[in-house]
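In our numbering, the protein residues as written are 41 to 126. The beta carbon of each residue, even a glycine, is placed where N, CA and C say it ideally should be. The block underneath contains the structure these notes are about, expressed in structure tokens.
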Amino acid sequence: MVRFTLFILLLLVLAASLSRLVKEIFIQRRKLNRPTEAEELVQDPCCQTYIPAGTAVRKRVAGRNYYFCSKDCMRKFLDEKKPQNP
Ligand SMILES: [Zn+2]
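This is the structure:
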């Protein structure tokens with residue numbers, strides 16, 4: 041009888057450690073997936089294309105962040121903005 045209870049206890053300990061292990065693997069997987077989720081798409085206000093924020097050309101104009109696919113688009117956009125703010 042003592043052996044039987046010991047066996048049950050051992051099973052419970054094993055199950056607890058196993059569930060902890062599965063949880064840790066799950067958390068690690070979520071951490072690994074985060075960088076791809078964080079790569080959001082931003083719109084180029086000049087040519088209207090969508091580019092990943094990580095590779096976009098960023099420019100801060102009047103307290104707002106603008107993202108461009110290239111420096112040419114950034115220049116074009118800034119040139120168009122100039123006449124509005126003399
Ligand atoms: Zn562009």
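My assumption, with CB atoms under 8 Å, is that residue i sits in contact with residue j. Please give the rounded CB distance.
i	j	result
Phe108	Asp84	5 Å
Cα-Cα, which of the options is closest to residue i?
i	options	result
Cys86	Thr95, Val62, Asp112	Asp112
Gln88	Ile48, Phe117, Val62	Phe117
Determine the DSSP secondary structure at residue i, reduced to helix, strand or coil.
i	result
Val68	Residue identity differs from the one stated: residue 68 is Gln in this sequence, not Val. Looking at Gln68 - three-state DSSP - the assignment turns out to be helix.
Taking Cβ positions, are residue i and residue j nearer each other than 8 Å?
i	j	result
Val82	Ile91	yes
Arg98	Asn105	yes
Gly94	Glu79	yes
* With a floor of 4 residues, list each alpha helix (DSSP H) that falls wholly inside the region 92-126, ordered by position along the chain. => Runs found: 111-121.
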